[in-house]
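Asks:
Residue numbers (the working numbering): -10 to 176.
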């Protein structure tokens, strides 16, 4: 059975935005769906806590394992892949509003962001562990760097980049384009 892990973003939970809706839609299509609530203070997430939590939940990912991350959830997924064995190969990852660079942060958010953006990440290692990758972003992404992040996902992770309009940071209750993009990715 194909398994999909949905990883929420900074300040979120498994009950926020489109995650509950997407979980139901994927379950209707016979996917096993795991939506962990990431540990610690959601407003000040820590790499080690989030990665350790994913390691406890996802023991042996394989070609039947898929990930969908939102925002910082994308970072957590990539950093989780740094910790799995080199021979690991998952079916795919859909990065929704993921980032390597951020703009328009409040001063109190900058310290949290720096913890993530300032910690090196081995993208070459990660790329080799993902069969298919897609980066879904909106032109009006409020945290900026749309072109730079798109370029990094494409060049470093071999991700197909899909740019939409008027989705912002993809925080609505239902976002059918996420489901559609995921189902196309796994064909």
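Every residue, glycine too, gets a C-beta built ideally from N, C-alpha and C.
Using 8 Å for Cβ pairs, my map puts residue 101 next to residue 34. What's the rounded Cβ distance?
Replies: Looking up residue 101 in the chain shown gives position 112. Looking up residue 34 in the chain shown gives position 45. Rounded, the Cβ-Cβ distance is 7 Å, consistent with contact.
Asks: Suppose the cutoff is 8 Å on Cβ atoms and the five residues either side in sequence are ignored; what does the same chain contact list for residue 170 look like?
Replies: On the chain shown, position 181 is the one that residue 170 refers to. Counting only Cβ-Cβ distances below 8 Å, and skipping sequence neighbours, we find 83, 123, 125, 151.
Asks: Can you check whether the CB of residue 135 is closer than 8 Å to the CB of residue 66?
Replies: Along the chain shown, one-based indexing puts residue 66 at 77. Along the chain shown, one-based indexing puts residue 135 at 146. For residue 66 and residue 135, no; Cβs fall outside 8 Å.
Asks: Could you compute how far the alpha carbon of residue 112 sits from the alpha carbon of residue 146?
Replies: Within the chain shown, the letter at position 123 stands for residue 112. Within the chain shown, the letter at position 157 stands for residue 146. For residue 112 and residue 146, the distance between alpha carbons rounds to 7 Å.
Asks: Taking C-alpha atoms, which residue in 50, 137, -1 lies nearest to residue 69?
Replies: Translated into the one-based positions of the chain shown, residue 69 becomes position 80. Comparing Cα positions, the closest option is 50.
Asks: Kindly list the residues whose CB is nearer than 6 Å to the CB of residue 121, restricted to its own chain and excluding five residues on each side of it in sequence; keep chain order.
Replies: As a first step, residue 121 is located in the chain shown; it is residue number 132 there, counting from the start. Around residue 121: 81, 174.
Asks: Thinking just about the alpha-carbon of each residue, which of 115, -8, 40, 61 is nearest to the one in residue 15?
Replies: Translated into the one-based positions of the chain shown, residue 15 becomes position 26. Residue 15 has its Cα closest to that of -8, out of 115, -8, 40, 61.
Asks: Three or more C-beta pairs under 8 Å: does that hold for the region 36 to 53 against the region -1 to 17?
Replies: Verdict: no, contact absent.
Asks: For residue 25, I'd like the list of residues in its chain whose CB is within less than 6 Å of its CB, leaving aside the five on either flank, ordered along the chain.
Replies: Mapped onto the chain shown, residue 25 falls at position 36. Cβ neighbours of residue 25 beyond the five flanking positions: 46.
Asks: Where does residue 172 land, buried or exposed, given buried means 16+ other C-beta within 10 angstroms?
Replies: As a working note, residue 172 is residue 183 in the chain shown. Per the 10 Å Cβ criterion, exposed.
Asks: Excluding five sequence neighbours on each side, which residues of the same chain lie with their C-beta closer than 8 Å to the C-beta of residue 72?
Replies: In the chain shown, residue 72 corresponds to position 83, counting from 1. These residues qualify, in order along the chain: 40, 44.
Asks: When you compare only the Cα positions, how much space is there between residue 74 and residue 157?
Replies: Within the chain shown, numbered from 1, the residue matching residue 74 stands at position 85. Within the chain shown, numbered from 1, the residue matching residue 157 stands at position 168. Their backbone Cα atoms lie some 35 Å apart in a straight line.
Asks: Taking the straight line between their C-alpha atoms, what separation do you get for residue 8 and residue 129?
Replies: In the chain shown, the residue the question calls residue 8 occupies position 19. In the chain shown, the residue the question calls residue 129 occupies position 140. Taking the straight line from one Cα to the other gives about 21 Å.
Asks: Could you tell me which residues DSSP puts in a beta bridge with residue 152?
Replies: To locate residue 152, count along the chain shown from 1; it is residue 163. Beta-bridge pairing links residue 152 to 126.
Asks: Please name the residue in 96, 53, 143, 78 whose C-alpha comes closest to that of residue 88.
Replies: Locating residue 88 in the chain shown gives position 99, counting from the first residue. Ranking the options by Cα distance to residue 88, first place goes to 143.
Asks: Quick one: what's residue 21 bridged to in DSSP?
Replies: In the chain shown, the residue the question calls residue 21 occupies position 32. Residue 21 pairs with -8.
Asks: The alpha helix (DSSP H) with residue 66 in it runs from where to where?
Replies: As a working note, residue 66 is residue 77 in the chain shown. 61 to 70 is the span of the alpha helix (DSSP H), which, as asked, contains residue 66.
Asks: Can you tell me where the alpha helix (DSSP H) holding residue 73 begins and where it ends?
Replies: Taking the first residue of the chain shown as position 1, residue 73 is located at position 84. Premise fails: residue 73 is in no alpha helix (DSSP H) and is neither H nor E.
Asks: Using the beta-carbon count (16 or more within 10 Å), is residue 138 buried or exposed?
Replies: Translated into the one-based positions of the chain shown, residue 138 becomes position 149. Result: buried.
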